[in-house]
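This report refers to the structure that appears directly beneath it.
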Amino acid sequence: MTFRNRALSPAELDRFGEELDALRKRTVATLGQRDADYIRSIVAWVRWTEVAGRGLLYLGAFSALFAPVLLWPACVLGAVVLGLSKILENMELGHNVIHGQYDWMRDPHLDGKTYEWDIVGTAENWRHTHNFRHHTYTNVRGLDDDIGYGLLRIFPEQRWRAYYLMQPLIAVVFALLFEWGVAIQNLKLGRWVAGKVSNRQMWRMFKPVGRKMARQIVKDYIVFPALAGPFFLPVLLGNVVANIIRNLWTYTIIFCGHFTADAETFPKECVRNESRGHWYLRQLRGSSNISGGWLIDVLSGNLSHQVEHHFYPDVPANRYAAMAVEVREICKRYGQHYNTGSLPRQFGQVVWRIVRHAFPSRPRRVAPLVAASEAA
Amino acid sequence: MSAVLPSSKLSPQRPRCLRRLIHACVAPSVFDFWAQRLDRTWTWDRPLARIVERRPESRDAVTLVLRPNRHWRGYSAGQHLNVSAEIDGASVTRSYSLSAAPRADGLLAITVKRVDGGKLSTYLHDSACVGDVLHIGQSFGEMTWPKHHDAGWLLLAAGSGITPLMALVREHASRGMPAPLTLLYWARTRDELCFADELLALADAHPDFAVHCLLTRETDIAPAGRLDATQLAQLVPDAAQRRVYACGPSGFVDTARELLRSNARSFHAEAFTPPARSFEDSGEAVVTLQRSGRTLTVPRGQSLLKALEAQGLKPASGCRMGICNTCACGKSAGATRDLTNGEVRTEPSSALRLCISAAVGDIELDL
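Structure follows, in structure tokens:
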């Protein structure tokens, strides 16, 4: 049986890691004004599109007074623009800033430790579940909660239960409410239901989450609609739709990052005394890119370069496209499959996984990461 | 006396409830973005200042007059502030002394001496223009005039150490020299002296004020020596009855302290350290933890996270390999080496990743 990936010897693995480290070093050495200008231009896009989106919603709402024909076009356009603004804020701005990618600028508004984003989940919980657990233990079963988010069976290695037969439906609901799922991910409600966490502990963990949820609800669903007075309904619905557009898009992009056909998961033993090269290799095998160019890059927060993002989570994302050229070449030389494809192709594979593994399935044999030593 | 202008004069009280309401819907970063479309110094809560005047002070020093926004809370003569400017995308911060006494119009003045290889001083000296906006911090420093004078004063300045002392002299003069004052001012050459004309004019006008400028490297006159006991006895015979403030490089301040700590009525000094040129990866470094008020000794060259854990501390940490940012904490001073690429970082940082950084000198952390 031939595999798409060549098993590397420990020495090759070290060299693989060194080459990727060197690429990182070369890139970090040239960070400067143009990266600062880039992220500030994204900030400006987020702000202006938010105002444009909300402005259009008000235009649509108040059009009842002067030109009722504008109601639908203005509101639909407003919701889409506001949704795009939220997508840009959550992905290219928030996600990347919270990784600390722009900490070197020492701008307090772009500080990874204090940035708070326009989504119901707190940045604080995200720093733990995503920056630490997901990025350190990418696709390691039992350590990376992002594998199916405790809700879906994406990989045959996850134990099948009858409940998963419903997962095609659950996946759709989860996509619509994705931001709420992310918000409660770190609470691990399952442990509370099972009685492993006391009510008081749960309340303590929930308080900051609840505060953030309340803030978002007050902002999007009370204050901004209220500003339209009697015409609040179109504004309220516009905000709901914008948030749903954002949820569906982020869900699509994030699921394409690690759940495509060729993405692998790993057993816990894998990370014990893991070398740098091994860590890189695991990130490569567990991640998948989306091809499509500039627009997809910006709208996905450069998660279209999921592989590069997992190699270099703290390097400014606007550099991934340039780094990808070299990463691809390095992977090729080491005989490693570089997982990339168009959005429909990658998402199609994700959907297939969700449907296929709703039913019992057995793991395929995959190439080992490290070549067995000759003595063994 | 107190030179701190009442804060209400500078930052008129905004209605609290309105502020809270806006804050509920508009994050400070969003507020700042839109406010700065109207005026680049308007912010939600961060002090900023616009350069309104620049004038050369000596061959390599320039005075910048700044108009702070409403979030600046005022200062006393003799205090310092942090100034930041964005250079090649990154904000660079240094402390400067306020060289003028507090003014009724609320303007501030800093005098910046160009330091070879100094990022911010070179930028402020060569590139900063009238109209540019700088980030500033609140004032700090204990070298201020007391409410009442019970003795004469002796001020010792070396190099850029003149700036806070100049503010003290100016304020003292504006109050009619309420106590005798002597200023000894060391510089290398005549054209490095700042404020020379003003100081001489003040000395002429006030019999209670004496100033001695000491040039250590001027060629056409006999060079004055560095600070020592004989020189001091000769210039200020009544030093023992005076209260002393000294400001200059740390070597100068150490000498002054040794000479005067027990031979003057009181002694207080503030030193600035020139940037270290070489860094040691072996031996030990002192880590000052500012929030917990602890001081520890850790091995240089070792990951700070491991070193702190070895001392029984449990700083927040995650991946232990420099990717998740969980252990990142503020570093206000000192040099560290990034263990992933070997580079030494001397800039203060808001996010020093402890797991991949090692001390290569004494450092201060926000822990």
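If you read the protein sequences in the order shown, they are chains A and B.
Residue numbering for the first sequence follows numbering that gives the first Met the number 0, starting at 0 and increasing by one per position.
Residue numbering for the second sequence follows numbering that gives the first Met the number 0, starting at 0 and increasing by one per position.
Where is the CB? At the ideal position from N, CA and C, for every residue including glycine.
Burial is judged here by how many other beta carbons sit within 10 angstroms of a residue's own beta carbon; B/F139 has fewer than 16 and is exposed. Looking at the DSSP output, B/K330 bridges to B/S348 and B/L364. B/W41 sits in coil when the DSSP states are folded into three classes, being neither helix nor strand.
Scanning its chain for C-beta atoms nearer than 8 Å, with the 5 sequence neighbours on each side dropped, one finds around A/T249 the residues I86, N89, M90, F177 and E178, in chain order. Judged by beta-carbon spacing, A/G292 lies beyond the 8 Å limit of A/S341, meaning their Cβ atoms are not closer than that value. Residue-level contact by beta carbon holds for A/K24 and chain B, with a gap shorter than 8 Å. Around the Cβ of B/T218, a 10 Å sphere holds fewer than 16 other Cβ atoms; the residue is exposed.
Counting along the chain, no alpha helix (DSSP H) covers A/E91, and no H or E run does either. Classified as buried, A/F223 has 16 or more neighbouring CB atoms from the shown chains inside 10 Å of its CB. In the three-state scheme derived from DSSP, where H, G and I count as helix and E and B as strand, A/Y311 is classed as coil. Contact note: A/H108 reaches chain B through P27, S28 and D31, using a C-beta cutoff of 8 Å and chain order.
Using a 10 angstroms sphere on the CB of A/D313, the tally of other CB atoms reaches 16 or more, which defines it as buried. For the pair B/L234 and B/T325, the Cα-to-Cα distance works out to about 57 Å. The C-beta distance from B/V51 to B/R72 rounds to 19 Å, too long to fall under 8 Å, and the pair is not in contact.
Contact between B/P179 and B/G151 holds: CB atoms are separated by about 4 Å, below the 8 Å threshold.
Taking a C-beta distance under 8 Å as the contact criterion, A/P359 and A/W159 qualify as a contact pair. Our two residues, B/V29 and A/G256, have alpha carbons roughly 30 Å apart in a direct line.
Taking 8 Å as the cut-off, the beta carbon of A/P155 is found no closer than this to the beta carbon of A/P367. Here B/V285 is actually not in contact with B/A268; their C-beta atoms are around 20 Å apart, not less than 8 Å. Distances from the alpha-carbon of B/D237 to those of B/T181, B/L133 and B/T215 put B/T181 closest. By the beta-carbon neighbour count (other beta carbons within 10 angstroms, threshold 16), B/S348 is buried. Close to B/A60, with beta-carbon spacing below 8 Å, lies no residue of chain A; the smallest spacing is near 26 Å. Secondary structure remark: continuous alpha helix (DSSP H) runs of at least 4 residues inside the region 203-228 of chain A: none found. Bounds of the beta strand (DSSP E) holding B/W152 are W152 to A157. Interface residue (Cβ-Cβ distance to chain B less than 8 Å): A/M90 is not classified as such.
Between B/S331 and B/Q301 a beta carbon distance of about 21 Å is seen, past the 8 Å cut, so the two are scored as non-contacting. For B/L154, the closest of B/R260, B/L167 and B/S316 by C-alpha to C-alpha distance is B/L167. Only residues of its own chain outside the window of five on either side were considered, and among them P207, V208 and K211 have a CB closer than 7 Å to the CB of A/T121, listed in chain order. About 12 Å separates the beta carbon of A/H309 from that of A/A316, a gap too long to meet the 8 Å contact definition. At a cut-off of 8 Å between beta-carbon atoms, B/G175 makes no contact with chain A. B/G117 does not reach chain A, its nearest Cβ partner there being about 17 Å away, counting only Cβ pairs nearer than 8 Å. Taking a 10 Å sphere around the C-beta of A/M322, we find 16 or more other C-beta atoms and assign the residue as buried.
Closer than 8 Å at the C-beta level to chain A, one finds these residues of the region 62-88 of chain B: S83, E85, D87 and G88. Around B/H205, the same chain offers A172 and M176 as residues with beta carbons nearer than 7 Å, after the five sequence neighbours per side are excluded. With the criterion set as a beta carbon lying under 8 Å from some beta carbon of chain B, the members of the region 305-316 of chain A are P312 and D313, in sequence order. Considering only B/R352, B/L20 and B/R113, the residue with the shortest C-alpha distance to B/L63 is B/R113.
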